[in-house]
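Here is the structure we will look at.
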Amino acid sequence: MKEADLVTEAHVRPVKARRDLGARASQAIGFLLVLVVLAWLGVNLVRAPDNFGRVLLIGVSQGALYALVALGYTLVYGILELINFAHGDVFMLGGMITATLVAQVFALGENPALGSLIAALLVSLAAAIVGCAVLNAAIERIAYKPLRSAPRLAPLITAIGVSFILENVAIIWKGTRPVSVPVSDFSAGNGRKIFSIGQVVYTSDRLFVILITVPVLIGLIWLVKFTRQGKAMRATAQDKDAAAMMGIDVDRTISVTFLVAGALAGAGGVIFAFYSTEISFGTGFTLGLFAFTAAVLGGIGNLPGAVLGALLIGLIQNFNEGLSWYAPGSKWTESLVFAILILILVFRPQGLLGERTPEGA
Amino acid sequence: MANEAVLQVEGIHTFYGTIEVLKGISLEVRHQEIVTLIGSNGAGKTTTLRSINGLNHPRHGSIRFAGKNITHEPPHDIVRMGISQSPEGRKLFPRMSVLENLEMGAFQRRDRSELKNDLDRVYSLFPRLSERKRQRAGTLSGGEQQMVAIGRALMAHPMLLLLDEPSMGLAPIFVERVFETIVEINQQGTTILLVEQNAMMALEVASRGYVLETGTVALADDAKALLRNEQVRKTYLGETD
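So the sequence lines, in the order shown, correspond to chains A and B.
Per my numbering, the first sequence starts with residue 1113, numbered consecutively.
Per my numbering, the second sequence starts with residue 2, numbered consecutively.
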């Protein structure tokens, strides 16, 4: 018995040492990369502090928008272990609802008065949040629920199919050309000055993004942490059978999770429509992939992780596109973001804040 | 009252996909009894519990609880009617604290004022849990996790408590402790249906027992009689002649 132990240990040691070396090497490389990025940011900050501050603010706004969408991916993954590829398209339809309301119901022109702009915003928010929530829950009922006990690949491929269906719904509804939303105080680069620090101006377009995302995020934390429904969601995410044995209606809890994820996507769609003033049937696919990357970066299934990952992706994108000293530029944004996705999946599959799980490790 | 059946299972056939796991199981549990189901792996013990708690409805046969037919009720309604369970392998919520796990057990309850009493009851049964209430359930030892699983089921204030393999994977000293607690819970007035591989211990605390073999009831008798039964001694109590 003793001898056998010694033999196995002797075999194990070199393997373990090699693994340690590998881990240390990848740690060192990661550390070096972060150092290079920080140095690059530092030089940019010193050379053009105003530009740096401006880019930082844009990055935070964009990150907040990504967070709304990323949270939907992570909520659904947390409870069903399903990457809901249709999520980005639900977000896109939220934007389309907004575009329709603003252009056709409110008939706003360029640079509308603040009063009618806010009215259009609030009505859009209500319509897109409710519409996307119901749509998302309906998708779950029709497309995913019948596959609850099927192999995991089946709902995943179904999700991709639903994504195509939603994009085609948008094409039939709005056509293939981008739909434009009137430029307003809420549009990127067109905001009014709210305050300024030195040369860095804080404008209404940034403020409106934060004014919507922050209360929505606080509401979500409250829901998940402190309500009975949130408890049911957390329990169902951790163990569905055990949750059912506690008296939780698991099917209803999953529906509520899709409602919440859809609502977040709807709010995101509204922000996107006002902020970027142009939305097309393919918008959800690209932005959805960015948001999905953010969710994986933060640790899929982890809510604070999704927000952190989204802010980082927003910042990375805007530093890359906006900084003046040796920035790769917007051509490289997608390559950079997906390179990050690959690096994370290879070196830290559980993400920044995620925990090692049997399927994640 | 003492002899009234709380749970009556009649001729249930339960399937996993196309495989018939239970081939006509009948059993009953009377008020304030401890009844045990013993049998080897794959005999259908856990499936019987999953049929009762609504996670795997039987295709034929019926299950009556406290006078109501619950054969096709969903699990959350069955919990509300008064059946709760400590599952096989414990199935705690690993990222929740001990206290949160216990509170989850009371999810269906509306009588919030009574909860404090039940929590005190669980802490007096398992003083260890009161010391560890802020600790994450996933970081506890196996024995402590079993305490949480039983305590969590008790928080539902059940009329009937289902215990699935509560001694599995525990050190012998914990096994003793678990069976003592089962008796204590029963003496406080809770009816118990106990599934165990440790047939000896289970039959010692139970009043009646059922021996399952490949989805059917092979033997049903008083626990004392089963303990003396030659065949049971050979097959389940590990006696060689």
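We put the beta carbon where it would ideally sit given N, CA and C, even for glycine.
- Per DSSP, reduced to three states, the secondary structure at residue 1443(A) is helical.
- Put simply, the backbone Cα of residue 5(B) is about 20 Å away from that of residue 62(B).
- One Cα belongs to residue 30(B), the other to residue 211(B), and the distance between them is close to 11 Å.
- Using a Cβ-Cβ distance cut-off of 8 Å, the segment 192-200 of chain B and the segment 35-50 of chain B are in contact, since at least three pairs of beta carbons, one from each stretch, lie closer than that value.
- It is roughly 34 Å from the alpha-carbon of residue 1419(A) to the alpha-carbon of residue 1219(A).
- Boundaries of the alpha helix (DSSP H) around residue 1343(A): 1340-1350.
- For the segment 166-198 of chain B, the set of residues with a beta-carbon nearer than 9 Å to any beta-carbon of chain A is empty.
- Of the candidates 100(B), 158(B), 16(B), 111(B), the residue whose Cα lies closest to the Cα of residue 83(B) is 158(B).
- At a cut-off of 8 Å between C-beta atoms, residue 1191(A) does not count as an interface residue with respect to chain B.
- For the segment 1332-1353 of chain A, the residues whose beta carbon sits under 8 Å from a beta carbon of chain B are, in order, 1340, 1343, 1344, 1346, 1347, 1350, 1351, 1353.
- Shown here for residue 119(B): same chain residues with a beta carbon closer than 8 Å to its own, the five before and five after excluded, namely 107, 155, 156, 158 in chain order.
- Counted as a single uninterrupted DSSP element, the beta strand (DSSP E) harbouring residue 14(B) occupies residues 6-17.
- Annotation for residue 77(B): the continuous alpha helix (DSSP H) segment containing it runs 76-82.
- Spatial neighbours of residue 1304(A) in its own chain (CB-CB distance under 8 Å, excluding positions within 5 residues in sequence) are listed in chain order as 1297, 1315, 1316.
- In the three-state DSSP reduction, residue 1216(A) falls in the helix class (H, G or I).
- Remark: C-beta atoms of residue 1387(A) and residue 1326(A) do not approach each other more closely than 8 Å.
- Going by C-alpha positions, residue 1290(A) is about 29 Å away from residue 1254(A).
- Residue environment analysis places residue 1406(A) among the buried positions, since at least 16 neighbouring C-beta atoms fall within 10 angstroms of its C-beta.
- Against chain A, the CB of residue 16(B) has no partner CB under 8 Å away; the residue lies outside that interface.
- Rounded to whole angstroms, residue 1395(A) and residue 153(B) show a C-alpha spacing of 47 Å.
- At least one C-beta of chain B is nearer than 8 Å to the C-beta of residue 1360(A).
- Under the Cβ criterion (8 Å, minimum of three pairs), the segment 114-130 of chain B does not count as touching the segment 160-174 of chain B.
- Membership of residue 1243(A) in the alpha helix (DSSP H) is indicated by the continuous run 1226-1251.
- Residue environment analysis places residue 1170(A) among the buried positions, since at least 16 neighbouring C-beta atoms fall within 10 angstroms of its C-beta.
- Taking a 10 Å sphere around the C-beta of residue 69(B), we find fewer than 16 other C-beta atoms and assign the residue as exposed.
- One thing to note: residue 1200(A) has its Cβ within 8 Å of the Cβ of residue 1397(A).
- Per DSSP, the continuous alpha helix (DSSP H) segment holding residue 235(B) begins and ends at 231-236.
- For residue 14(B), the closest C-alpha among the options 8(B), 49(B), 33(B) is that of 49(B).
- Residue 39(B) is bridged by DSSP to 197(B), 212(B).
- Residue 1413(A) places its beta carbon less than 8 Å from that of residue 1190(A).
- With fewer than 16 other Cβ atoms from the protein chains shown falling within 10 Å of its own Cβ, residue 78(B) counts as exposed.
- Your pair residue 1408(A) and residue 1453(A) checks out as a contact, with CB atoms roughly 6 Å apart and the cut at 8 Å.
- For residue 29(B), the beta-bridge partners assigned by DSSP are 9(B).
- Under the three-state reduction of DSSP output, residue 65(B) falls in the strand class.
- Taking CB atoms only, residue 105(B) has a neighbour in chain A less than 8 Å away.
- Here DSSP, grouped into helix, strand and coil, assigns residue 1389(A) to coil.
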